[in-house]
Every structure is written in structure tokens, then in C-alpha cells.
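Residue numbers (our numbering): 252 to 595.
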């Protein structure tokens, strides 16, 4: 067996805020078919929510200590400081057959893929594929995410910014690096909407890439893992907006965590969360909490005004029944007012 065949494959899962990356990875972990997996989760901001959600899968294919959280810094900006040590920690455990990397919603895949050429990395791992998850419902409506109108208005009014619409550039840069695109939230679309979403994807891609429609991130793992693309060998041919830039920043966005005590009614909490997009320019809310009288943890996710919730796993005896919701939105969020809105 050659050295290249011994390298552990890594699937990079990227996509804009709220597209459904974590939901897709949960499905992969729950349907691993005997593969021994590890996950590297890169949050936007120091929030630690996605890792908690993934640890709730309860699947022996990926035990909790195989989930490494990087909750302070974007992987595309901090590859050397964050990714290499995380990779070292996973490989030191032994027995891992496949690594799944979830980037933050604002990350650019290309710098991360390029890092797979580094001497400390290239002999040990390879990029199995880059999977881009997109919000099909938003694309069908002509947006890259569920509610960006407030974002566009603020950016157009700020003459100090270099780009008129950097969020769309991030979306296009993610799509440009894709080996497969998961068109998520198929259940919210009719056939005409699916076609509009596919056309939006095709318009951002100069090459042919497989597009898979999905609901709740439910994609056969055979379509996502074990593709053997070796994306790092082709990444220089995938042109992006940031190819000539030395660095970039995410100063347009803010995130913070709101503690949530035990609640009585999930629907009431969902209704309060739904108001945040309109009142406070909140783009994304995700997290979990406890419901009075229920032994299971309530998982809640929101994109703009669209809110979903479900019970994901039992609370353990060692856990306090305390919830946390991470709120992501435009810079300058009124944190106190948002916390009050969630508490009412």
C-alpha cells in the first residue's frame, strides 16, 4: 500500500449561516455504517453550541472525545494555530478512519484546503471532498440566506467598506470550492423553486458539480464520504474573490450566548426567537434548553424568522438542566435587549 493510500480522508463541510451544516453532520454520525469518525467543529465566536449538538447524537461511531471544538477563530484565518493542533489531537488517538470538518458559516474553504499541502499535514491526511450546504429556500427567493435585507441596507450605507455585498462573495467563494453541493430544505420548495435554486448554484459555478437535494440534511453517507477527490491537488484551479488577498476579517458580524432557564412551552420560546430577525437584525439562533416535565433536551434552530425545534437526547444525571442559545447577527447587536426578548 502506498503512503498516499494510508492518509486519512477528511470531508470539509462548509456553507453559509443556517444552511444546515450541523444537521447534515448529525445525520452522517447517526448513519456511519461502521466507520470510526472524528469531527472538528469550527464555531463563529466563542459559543460552543455546534459541538454540544453533535455530541447529542449518541453514536458509538464517533464518541464525544472524537469531537474537537474550535470555538475562537475562523479556520480559514487560523489554520496554523487551530487546525494543525486539532488534527494532531485526533490522529494521536488512533483508530480514526474518516474526519469531518465543519467550518463556521463565514469561513472560506480555500485556505483550509491549501493547508493540506503543508509538510505537517500532507503525509497524514487528504481532502476527501468539499461539501457545500446551501439554503435551498433562500436561493429560490434570490438570497444566499433566509433574511439578508437588513444586512444589505446597512452595508450599502457604510461607505468605509471595501465590498458592496461581502456575504454574497463568501457564498460564491464557498461554492467555487465545492465537490458536491447539498441543496438543503427541499421540503420548503416546489419543483419550480428547486429549479430556481439549482440555477443560482449553477450561476456561481464555472464547472459541473453534483447537486443533491435534501430535507433536514438527510443525504446518504455514500454520497458524502469516501469520494476520494483529493481536492487539495485541484484547489488552485478553483478561483475565488479572495485569491489575491492576504487576509480577510469578519468584523461585520457579532455573536454571543444567552443562558436560557427551564421553559414551559417550546412554541412560546420559538415565537420569541422568531421576532429577533425583524427587531434586532439577527440572522441565526441555535442552541438547546430544558422543558419542564420533559426528560429530553430541546434543540432549537432558527434562520431569520424560520424556527424549528425538536427533542434530541435525554439530559444526563451529571448535567444541569440549563439551556444556551447562540445569537448571530450584524455587528452592534443590542445584547441586553435580545436577552430580555428571549426571557419574556
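Note that the Cβ used here is the ideal one computed from N, Cα and C, for glycine as well.
Nearest by alpha-carbon distance to residue 516: which of 283, 593, 276 and 352 is it?
593
Report all residues from its chain with a CB closer than 6 Å to the CB of residue 271; omit the five preceding and five following residues, and keep chain order.
384, 435 and 468
From residue 575 to residue 427, what does the alpha carbon distance come to, in whole angstroms?
34 Å
So if DSSP puts residue 434 in a beta bridge, which residue, or which two residues, is it bridged to?
385 and 464
How about residue 554 and residue 508: are their beta carbons less than 8 Å apart?
no
What residues in its chain sit with their C-beta under 6 Å from that of residue 447, if we drop five residues either side in the sequence?
391
For residue 281, name the three-state secondary structure that DSSP assigns.
helix
Would you report the Cα separation of residue 353 and residue 473, rounded to the nearest angstrom?
18 Å
When you compare each of 561, 544 and 488 to residue 518 by their alpha carbons, which one comes out closest?
561
On a CA-only basis, which of 528, 375, 464 and 275 is nearest residue 476? Give me that one, please.
275
Rounded straight-line distance, which links the Cα of residue 481 to that of residue 290:
19 Å
Where does the unbroken beta strand (DSSP E) through residue 353 begin, and where does it stop?
349-353
Can you name the start and end residues of the beta strand (DSSP E) that residue 534 belongs to?
533-541
For residue 260, count neighbouring Cβ atoms within 10 angstroms of its own Cβ and tell me buried if that reaches 16, exposed if not.
buried
Who are the Cβ neighbours of residue 367 in its own chain at under 7 Å, not counting the five residues just before and after it?
373, 376, 377, 378 and 483
Nearest-angstrom Cβ-Cβ length linking residue 531 and residue 588, presumed shorter than 8 Å:
7 Å
May I have the straight-line CA-CA distance separating residue 442 from residue 370, to the nearest angstrom?
47 Å
Measuring CB to CB, does residue 462 end up less than 8 Å from residue 267?
no
Euclidean distance between Cα positions of residue 479 and residue 262
10 Å
Between residue 431 and residue 380, what straight-line distance do the alpha-carbon atoms span, to the nearest angstrom?
8 Å
CB residue 572 to CB residue 521, shorter than 8 Å?
no
Would you identify the three-state DSSP class for residue 492, choosing helix, strand or coil?
coil
Express the C-alpha separation of residue 558 and residue 534 in angstroms, rounding to a whole number.
12 Å
Length of the line joining the Cα atoms of residue 422 and residue 257:
33 Å
Going straight from the alpha carbon of residue 529 to that of residue 537, what length do you get?
17 Å
Residue 360, enclosing alpha helix (DSSP H) - first and last residue
360-365
Residue 575 - DSSP class collapsed to helix/strand/coil
strand
Status (buried if at least 16 other CB within 10 Å, exposed otherwise) for residue 567
exposed
Could you round the C-beta distance between residue 464 and residue 489 to whole angstroms and report it? I think they count as a contact, below 8 Å.
In fact, because the Cβ distance is near 23 Å, the residues do not count as touching under 8 Å.
Helix, strand or coil: which one does DSSP assign to residue 594?
helix
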